[in-house]
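The number in the working numbering is simply the position in the sequence shown, starting from 1, with 1417 added. C-beta atoms are modelled at their ideal positions from N, C-alpha and C, and glycine is treated no differently. Reading through the structure tokens given below for one structure.
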Amino acid sequence: MGLRFLVTGGAGFVGSAVIRHLIADTVHVVANVDKLTYAGNLDSLAEVASSDRYSFHKLDICNQESMARLLSDFQPDIVMHLAAESHVDRSIDGPAAFIQTNIVGTYSLLESARAYWQTLDGSRKANFRFHHVSTDEVYGDLEGAESLFTEETPYAPSSPYSATKASSDHLVRAWQRTYGLPVVITNCSNNYGPYHFPEKLIPHIILNAIQGKPLPVYGNGGQIRDWLYVEDHARALVEVATRGRVGETYNIGGHNEKRNLEVVETLCTLLDELAVDERPTTLKSYKELITFVNDRPGHDQRYAIDASKIQRELGWVPRETFDSGIRKTVEWYLINRPWWQRVLSGDYQLARLGAADLATATVKKD
Ligand code: NAD
């Protein structure tokens, strides 16, 4: 029999990949809780929407009363918490929403989950998991070309985004230590892949290129990130949620360190092969559209993950290399134009109207 997953932020980039994986590849039952901010997109869940193992609930995680009702109705075995404000540039322009959702929202969800967990008995109580999904950005800037973030690396966040994620990680650990709530935490490197909101580097570059627009690169493009295909992250999350040891942190990474400029140039090379017909005739390569812009304040130079613990304990390894994953990603954006055209036009947000009606619908049971 399947487990019951309550996933927060399931209409986002990573959350929707987790839910597509849970419905397509497992027998688990999923309740998706999402407020549908600008980053939430129900189009990304079209392939699971009609499953009788899936339900959607338009809710703010800060609303403890509604969350308590949903937890009591749905009776989850696992709360997987992905709801967050996630874009570093937006956190620099306006940190308030990050404080509210990432810190206050996580606190609020912890309290709702704790109250629900205390109503459980026996093995259901012992086996319950609160899985907090976090980022490698909490560790700050890596010094030296050889060092890697391990689960023991001290926290040193640089941006308002990473500071709020670090704060939420501390709250989750405290709720375990103080109240005994059975938690697991994962810290993952940069994801890429299908259904990625076009404000993030990789989709932004692909879509700008095929529209003949400049390809902005921060500073000299020398910042190094460790890239992981989003479906590999989704599989890792389900492994940790179902088999991870209580109270433990697992780092997740792709062993794919790349400079930002290298990523952009790789995308241009792939587009020169796969989208040559769309290249403006004045260009010999999409690379000619690369434009260096002022660096982001506080920009970390290097992130890289040591993912040996999750490999050793849970046997998880990424299936995609950077070469295979980035090719799949470019092909996906070239094929799935309606998805991103509806994002760029704003039409994807029309789904919110329908979602508001769904919010009052009764919870589907398996
Ligand atoms: P995203 O911005 O694409 O999605 C976030 C989702 O949360 C959206 O659907 C949004 O509507 C929802 N949400 C926001 N505030 C909410 C609230 N108050 N109540 C309910 N729902 C709310 O983000 P993502 O890239 O999918 O990231 C998901 C999680 O994974 C985040 O916690 C992020 O820190 C973490 N993470 C992401 C990456 C990455 O590369 N994308 C890497 C490591 C960790």
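- Roughly how many whole angstroms lie between the Cα atoms of THR1746 and GLY1539? 45 angstroms
- Message: Using C-beta distances below 8 angstroms, list every residue in its chain close to GLN1592, excluding the 5 sequence neighbours before and after it, in chain order.
- Response: Checking the displayed sequence, the identity of residue 1592 turns out to be Trp instead of Gln. The residues are LEU1527, ARG1531, PHE1547, LEU1598 and VAL1600.
- Message: Can you check which of these residues, TYR1572, VAL1550, SER1551 and PHE1545, is closest to ASP1558 by C-alpha distance?
- Response: TYR1572
- Item | First and last residue of the uninterrupted alpha helix (DSSP H) at VAL1447 | Here VAL1447 belongs to no alpha helix (DSSP H); instead the beta strand (DSSP E) covers 1446–1451.
- Task: On the DSSP bridge assignment, give the partners of LYS1475 in chain order.
- Result: ASP1451
- Message: So, at 6 angstroms on beta carbons, what are the nonlocal neighbours of HIS1445 in its own chain, with the 5 sequence-adjacent residues on each side left out?
- Response: GLY1419, LEU1420, PHE1422 and LEU1439
- Item | Proximity below 8 angstroms, CB of ASN1458 to CB of ALA1428 | yes
- Task: May I ask which residues mark the beginning and end of the beta strand (DSSP E) holding HIS1716?
- Result: It is not in any beta strand (DSSP E) - HIS1716 carries neither H nor E in the DSSP assignment.
- Return the Cβ separation of VAL1710 and VAL1634 in integer angstroms, given the expectation that the two are a contact with Cβ distance under 8 angstroms. 7 angstroms
- Item | Alpha-carbon to alpha-carbon, THR1708 and ARG1696 | 17 angstroms
- Just the Cα atoms here: how many angstroms apart are SER1433 and LYS1701? 37 angstroms
- Item | ASN1668 CB to nearest heavy atom of the ligand NAD below 7 angstroms | no
- Is THR1552 near HIS1498, with beta carbons less than 8 angstroms apart? no
- Message: Whether or not the region 1673–1680 and the region 1636–1643 are in contact is what I'm after, with contact meaning three or more pairs of Cβ atoms, one per stretch, closer than 8 angstroms; do they touch?
- Response: yes
- Task: Can you check the region 1506–1575 for any alpha helix (DSSP H) of at least 4 residues that lies completely inside it and give the ranges in chain order?
- Result: 1523–1534 and 1539–1544
- Query: Ends of the alpha helix (DSSP H) at PRO1755?
  - Reply: 1754–1762
- Query: When the Cα of LEU1688 is compared with those of ARG1744, GLY1732 and VAL1550, which residue comes out closest?
  - Reply: ARG1744
- Closest residue to LYS1475 among VAL1450, ASP1469 and VAL1496 (Cα-Cα distance): VAL1450
- Does the separation of the CB atoms of LEU1645 and ILE1622 fall below 8 angstroms? no
- Since VAL1589 contacts THR1523 with CB under 8 angstroms, what's their CB separation in whole angstroms? 7 angstroms
- Query: the ligand NAD heavy atoms versus the CB of GLY1561: any closer than 7 angstroms?
  - Reply: no
- Task: Would you check whether the ligand NAD has a heavy atom nearer than 7 angstroms to the C-beta of LYS1452?
- Result: yes
- In chain order, what residues of the same chain have a beta carbon less than 6 angstroms from the beta carbon of ALA1485, not counting five sequence neighbours either side? SER1529
- Could you tell me which residues DSSP puts in a beta bridge with LEU1645? ASN1608
- Query: When the Cα atoms are used, what is the spatial distance from LEU1751 to SER1564?
  - Reply: 37 angstroms
- Query: Okay, do the region 1720–1728 and the region 1661–1668 touch, 3+ Cβ pairs below 8 angstroms being the bar?
  - Reply: yes
- Message: Judging by CA-CA distance, which residue of LYS1617, PRO1512 and ASP1643 is the nearest neighbour of THR1581?
- Response: PRO1512
- What are the start and end residues of the beta strand (DSSP E) that includes MET1497? 1495–1498
- Query: Can you name, in chain order, every residue of its own chain whose Cβ lies under 7 angstroms from the Cβ of ASP1460, other than the five neighbours on each side?
  - Reply: TRP1756, ARG1759, TYR1765 and ALA1768
- Task: State the Cα-Cα distance for the pair VAL1693 and LEU1624, rounded to the nearest angstrom.
- Result: 14 angstroms
- Query: Should VAL1550 be counted as a contact of the ligand NAD given a C-beta to heavy atom distance under 7 angstroms?
  - Reply: yes
- Query: Thinking C-beta only, is SER1503 closer than 8 angstroms to ALA1456?
  - Reply: yes
- Query: Considering only the beta carbon of each residue, do SER1483 and SER1576 sit closer than 8 angstroms?
  - Reply: no
- Query: Would GLY1661 be called buried (16 or more neighbouring beta carbons within 10 Å of its own) or exposed?
  - Reply: buried
- Task: Check whether the Cβ atoms of PHE1430 and ASN1608 sit closer than 8 angstroms, and answer yes or no.
- Result: yes
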